[in-house]
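So the protein sequences, as listed, match chains A and B.
Going by this note's numbering, the first sequence opens with residue 1448, and the numbers climb by one from there.
Going by this note's numbering, the second sequence opens with residue 1448, and the numbers climb by one from there.
2 protein chains.
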Amino acid sequence: MGKYVFGVDLGGTTVKMGLFDTDGNVQDKWEIPTRKQDAGKLILPDIAEAIKNKMAEKNIEASDVTGVGIGVPGPVDGAGMIYKAPNLGWGVFSIKDTLSELLGGMIVEAGNDANVAALGEMWRGGGKGYSSLVMVTLGTGVGGGIIINGKILTGSTGATGEIGHIHIVDGEPETCGCGKHGCLEMYASATGIARLANRRLAKDDAPTVLRNGDISAKSVFDAVKNGDKVAIEIAEQFGDYLAKGLASVAAAVNPEAFVIGGGVSKAGPVLFDYIVKYYREYVFHGSADAKFTLAELGNDAGIYGAAKLVLS
Amino acid sequence: MGKYVFGVDLGGTTVKMGLFDTDGNVQDKWEIPTRKQDAGKLILPDIAEAIKNKMAEKNIEASDVTGVGIGVPGPVDGAGMIYKAPNLGWGVFSIKDTLSELLGGMIVEAGNDANVAALGEMWRGGGKGYSSLVMVTLGTGVGGGIIINGKILTGSTGATGEIGHIHIVDGEPETCGCGKHGCLEMYASATGIARLANRRLAKDDAPTVLRNGDISAKSVFDAVKNGDKVAIEIAEQFGDYLAKGLASVAAAVNPEAFVIGGGVSKAGPVLFDYIVKYYREYVFHGSADAKFTLAELGNDAGIYGAAKLVLS
């Protein structure tokens, strides 16, 4: 086993790349653009070249490298096959084999980006010390990744951890990004919290600082911290809905911990005041003691997790 | 590897036992009583003795036996530790090590009974051909077992697959066996379907054959098959609630198939008319194509799955 690992986090506009030692200490970090033209044909060759250039720059031999891990925005199975990533122009093929070939046979492992981020948080972030956890990313949407015994749960078609699309509310008139109605993402994402806030404000004239500026997840939780009663009502509803979803996931997979990340998690531990009590209300007793922690790696979770893919 | 495996299904009153070849063909099947006195101290010695007696009777040497699998009614972790089984009088100990010692060092694997039944159905029952599935047992309660890549998902405290305790209904005044309110089990178990039926009948005077006799899951689905409109309404509500729970599980683990067992499943394929359409309504598209099948092994799922534990 070589002493280095590369972790690659492939996004729609940028590829984040990291060089790590096998203990997970980052040695170097850089980015290249994601060139999506020609059905995304240039993406993996660009990544391979960036890795080779870095190896040349640092005088790293192929035998010094344990392998290259890559997280991609689409469903990836346990064998490294991608099942379509429309926003990269990609169809169905083996990322693992293709990138390995471009790297002269180097070991490559591939995973879905949300799952890979969960693995990163387990290795070196908010999930350190746990081997079974659920990472929940509260951003523009709600994403998730599930780690069981230190490994990503990939599922039969790479569609595990789709926590944002658990059905929570009946009779929701608006439509979720997935085409359905009442998904968790509609209430627990950054945009979802703003939706809850706007609906609450429209209900009556109760005074709240939220009437004075932008409505966002940040403004709601800033107001919560200042004791704003209407903001607290919104946070209670957010917590109730999110906890219902997490309790359902816990009933299925019985994790040790939930790691909460994404933009909304910048609100900090105050989030847990509104999630944990409802979680305990809804969850089966066997999973009642699951821990709640905040993600720590931010945008770097993907490169850490990708590197760890090779070491798992 | 020996050519035989024993599968043991430990229940509250009876221990079911099976002798299998390693392809899963049953060679013999028998039962012994579960002696629960003295904090359940006699149970494992009784089982060990029954196995030794069977080996003597059939002239089977220890070297002919690959191992002994056992399913027990309580949470069991991946290492064969039981975390309390109150109705057996058991506390926390290693079933795997204890039974192995009683059998002169034979290989022993232990699992939770619902999980083990799921493994049995995968091996030789309704889940044959799938390696990732969720078994749902609709009996007095609603139980579940999750198989991922051919192995039981055990979770951090052995509390996986607790599908019956997913929160489905807000504001339920009655209390579930678990102490909470609105769990799936309250509507999708045999007693749950009777609850839905009684509530529907109390709502108005709509004519239905259900007013003429016992209200049970069986009488409801018999009436459904005869086109009884009220019974069909009840079945729709059952299907809606159950599908919500299964769609949540699918969002987490993305299985290839759901295998439906337990007493309620005796209604047969008509069940799927009321489950699958709601499942498709609620589930994330990546799991929309999961198959639905009926369990086939009935009360023998436990011994099959226990035997398979040793071979997985």
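Where is the CB? At the ideal position from N, CA and C, for every residue including glycine.
Check	Outcome
Within chain A, partners of B:F1705 - CB distance below 7 Å	Neighbours of B:F1705 on chain A: none; closest Cβ ~12 Å, over 7 Å.
Minimum Cβ-Cβ distance from B:I1595 to chain A less than 8 Å	yes
Close beta carbons around A:K1476, own chain, < 8 Å, minus the five adjacent residues each side	K1463, M1464, G1465, L1466, D1747, I1750
Neighbouring residues, chain A, relative to B:K1724 (Cβ below 7 Å)	Result: empty, since nearest Cβ-Cβ is about 14 Å, beyond 7 Å.
Inter-residue CB distance, B:P1522 and B:Y1530 (contact presumed, cutoff 8 Å)	5 Å
Contained beta strand (DSSP E) runs [length at least 3] in the region 1493-1563 of chain B, N- to C-terminal order	1512-1519, 1528-1532, 1537-1541, 1555-1559
Where B:D1468 falls: helix, strand or coil (DSSP)	strand
C-beta neighbour in chain A for B:P1520, strict 8 Å	no
Coil, strand or helix - A:T1601 by DSSP	coil
Beta carbon proximity, B:G1558 to chain A, threshold 8 Å	no
Chain B contact residues for A:I1610, given Cβ-Cβ distances below 8 Å	A1698, A1699
Every unbroken alpha helix (DSSP H) inside the region 1709-1736 of chain B [4 residues or more]	1717-1729
Residues, ordered as in the chain, of the region 1725-1749 of chain B that lie near chain A by beta-carbon distance below 7 Å	Y1729, F1731, H1732, G1733, S1734
Amino acids of chain A, ordered along the chain, whose beta-carbon sits closer than 7 Å to that of B:L1600	I1595, V1700
Reduced DSSP secondary structure (H/G/I, E/B, other) of B:E1478	strand
DSSP bridge partner residues for A:T1655 (one or two, in chain order)	Paired residue(s): none; A:T1655 is not in a bridge.
Runs of alpha helix (DSSP H) wholly within the region 1633-1682 of chain A (minimum 4 residues, chain order)	1637-1650, 1664-1672
Integer Cβ distance of A:L1643 from A:G1611, believed to fall under 8 Å	At roughly 15 Å, the Cβ-Cβ gap does not stay under 8 Å, so A:L1643 and A:G1611 are not in contact.
Alpha-carbon to alpha-carbon, A:L1550 and B:N1823	Nothing about residue 1823 of chain B can be read from this structure; chain B reaches only from 1448 to 1759.
Collapsed DSSP secondary structure at A:H1628 in the structure displayed	coil
The region 1542-1559 of chain A in contact with the region 1724-1735 of chain A per 3-pair CB rule at 8 Å	no
Any chain B beta carbon closer than 8 Å to A:I1613	yes
Neighbour-count burial assignment, A:G1605, 16 or more Cβ in a 10 Å radius	buried
Which listed residue (A:F1739, A:I1679, A:T1638) has its alpha carbon closest to that of A:D1661	A:T1638
Cutoff 6 Å; reference B:M1528; Cβ partners in own chain excluding five residues on either side	S1541
Within 7 Å of chain A by C-beta, residues of the region 1568-1588 of chain B in sequence order	S1579
Helix, strand or coil at A:L1744 [DSSP, three-state]	coil
Segment limits, beta strand (DSSP E) that includes A:G1590	1589-1595
Strand pairing of B:L1566, partner residues [DSSP]	Paired residue(s): none; B:L1566 is not in a bridge.
For A:I1599 and A:G1558, believed in contact at Cβ under 8 Å, the rounded distance	6 Å
Partners in chain A for B:A1694, counting only beta-carbon separations shorter than 7 Å	H1614
B:H1628 versus A:K1483: straight-line alpha-carbon distance, rounded	50 Å
CB contact below 8 Å: B:K1691 versus chain A	yes
Proximity to B:Y1688 [Cα-Cα], best of A:V1700, A:G1487, A:V1616	A:V1616
Closer than 8 Å to chain A by CB, B:T1638	no
Assigned secondary structure, B:A1698 (DSSP; H/G/I helix, E/B strand, else coil)	helix
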